[in-house]
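To keep things clear, I will list the structure first and then write my remarks on it.
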Ligand SMILES: [Zn+2]
């Protein structure tokens, strides 16, 4: 049984150590540390030390490319998109070129950047890497006259060439079935590239997809990810509060689907629990979500994030201590139930 949380917002080692000890006391045996572009540039040795103190207290450690290139989840800025403007995603926009501040995941420059990120991750002693919500731009645009249009990335020259080679004709601007398939294939190919490289460095690969299998989210056939050779852990993040869904139904549905697919390919299912932006009075739902994931057969449960998001205004829960207390209580119950030995 793996129980954990993500951790960020602090790079002072003695404070990290205290928090890691607290995570153990609170029932965790897994931590996902974020490693942003800022960390790579300015905290490379600090990250190695952070992983070490986390391992020393008995936590299994994964690293997350938090907001790197703005194509993974994460409240972190990207210098990459400013330094390499030609490697940004271009949108399917008719009234002129629009490049957004997200890296094109087919860009060689960005892939080289990711290889460097993996090399640093491997040098820290972490057991694995966590690919969180890799995505391409998608939005809807309504003109002054006319109906709403779907605007998507990426339509840069590299992507256009790949599309033409795969489908035998020029990439259209419309969000057609072939475009949907191309975007999905782009993300799959990127994940394959990442996971092959990190596996060659001895790292495990965990991936988390948005909780909806719809084309606008990029990946709509989850099975194709689960099948990838070097993906060890597959999961999703059914954040019922963010998506305005009911906790039991949503977490249950997504968890069952993840478990079923993982069973088929002998992969480990993982479910993320919403422990951020929890409104006052709804803290009990966090406990319900953990129970639901467990009852659906998930044995790797992680919460985003440590202490209810208290360290960050943007994502903090109204009463973060209460959120974390509930998470901790549930984790301790599950440890009793599944007889996880004390570290
Ligand atoms: Zn592109």
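Numbering (my numbering), first residue to last: 945 to 1287. Virtual Cβ for every residue (Gly too), placed ideally from N, Cα, C. These figures come from a predicted structure and were not determined experimentally.
Looking at residue i and ligand 1, is the gap between the Cβ and the nearest heavy atom below 6 Å?
i: residue 1103; result: yes
i: residue 972; result: no
i: residue 1050; result: yes
i: residue 1100; result: yes
Under a three-way DSSP split, which group does residue i fall into?
i: residue 1166; result: coil
i: residue 1127; result: helix
i: residue 948; result: strand
i: residue 1155; result: coil
i: residue 1161; result: helix
i: residue 1019; result: coil
i: residue 1141; result: helix
i: residue 1010; result: coil
i: residue 887; result: Outside the displayed span of the chain (945 to 1287) sits residue 887, for which this structure offers no information.
i: residue 1196; result: helix
i: residue 1034; result: strand
i: residue 1171; result: coil
i: residue 1185; result: coil
i: residue 1094; result: strand
i: residue 1114; result: coil
i: residue 910; result: No answer is possible for residue 910: it lies beyond the span of the chain, which begins at 945 and ends at 1287.
i: residue 1004; result: strand
Buried or exposed for residue i, going by 16 or more other Cβ atoms inside 10 Å?
i: residue 1077; result: buried
i: residue 1239; result: exposed
i: residue 949; result: buried
i: residue 985; result: exposed
i: residue 1247; result: buried
i: residue 1228; result: exposed
i: residue 1186; result: exposed
i: residue 1188; result: exposed
i: residue 1149; result: buried
i: residue 957; result: exposed
i: residue 991; result: buried
i: residue 988; result: exposed
i: residue 1155; result: buried
i: residue 1120; result: exposed
i: residue 1054; result: buried
What are the boundary residues of the beta strand (DSSP E) that residue i is part of?
i: residue 1224; result: It is not in any beta strand (DSSP E) - residue 1224 carries neither H nor E in the DSSP assignment.
i: residue 1076; result: 1072 to 1076
i: residue 1245; result: 1244 to 1248
i: residue 1082; result: 1082 to 1086
i: residue 974; result: 974 to 978
i: residue 1254; result: Note, residue 1254: premise wrong, no beta strand (DSSP E); not H, not E.
i: residue 954; result: Note, residue 954: premise wrong, no beta strand (DSSP E); not H, not E.
Just the Cα atoms here: how many angstroms apart are residue i and residue j?
i: residue 1060; j: residue 1210; result: 29 Å
i: residue 959; j: residue 1082; result: 39 Å
i: residue 1171; j: residue 955; result: 36 Å
i: residue 1282; j: residue 945; result: 7 Å
i: residue 1085; j: residue 1093; result: 5 Å
i: residue 1254; j: residue 1223; result: 13 Å
i: residue 939; j: residue 1220; result: The question about residue 939 has no answer here: the residues shown for the chain are numbered 945 through 1287.
i: residue 1232; j: residue 1057; result: 40 Å
i: residue 1000; j: residue 1111; result: 51 Å
i: residue 1182; j: residue 1218; result: 8 Å
i: residue 1175; j: residue 1274; result: 28 Å
i: residue 1191; j: residue 1267; result: 15 Å
i: residue 1044; j: residue 1063; result: 27 Å
i: residue 1179; j: residue 1066; result: 22 Å
i: residue 1023; j: residue 1015; result: 13 Å
i: residue 1199; j: residue 1234; result: 10 Å
i: residue 1037; j: residue 1114; result: 15 Å
i: residue 1202; j: residue 1047; result: 28 Å
i: residue 1134; j: residue 1049; result: 6 Å
i: residue 1139; j: residue 1075; result: 9 Å
i: residue 1258; j: residue 1127; result: 30 Å
i: residue 1216; j: residue 1136; result: 22 Å
i: residue 1193; j: residue 1241; result: 15 Å
i: residue 1098; j: residue 1108; result: 14 Å
i: residue 964; j: residue 974; result: 10 Å
i: residue 1073; j: residue 961; result: 21 Å
i: residue 996; j: residue 1068; result: 7 Å
i: residue 1124; j: residue 1104; result: 14 Å
i: residue 982; j: residue 1208; result: 38 Å
i: residue 1095; j: residue 1034; result: 10 Å
Starting from residue i and walking both ways along the alpha helix (DSSP H), at which residues does that stretch end?
i: residue 1063; result: 1052 to 1068
i: residue 1028; result: Run containing residue 1028: none; DSSP gives neither H nor E here.
i: residue 1101; result: 1101 to 1111
i: residue 1213; result: First-last for residue 1213: 1212 to 1218, but that is the beta strand (DSSP E), not the alpha helix (DSSP H).
i: residue 1180; result: Element bounds for residue 1180: not the alpha helix (DSSP H) but the beta strand (DSSP E), 1177 to 1180.
i: residue 1282; result: 1264 to 1282
i: residue 961; result: 957 to 969
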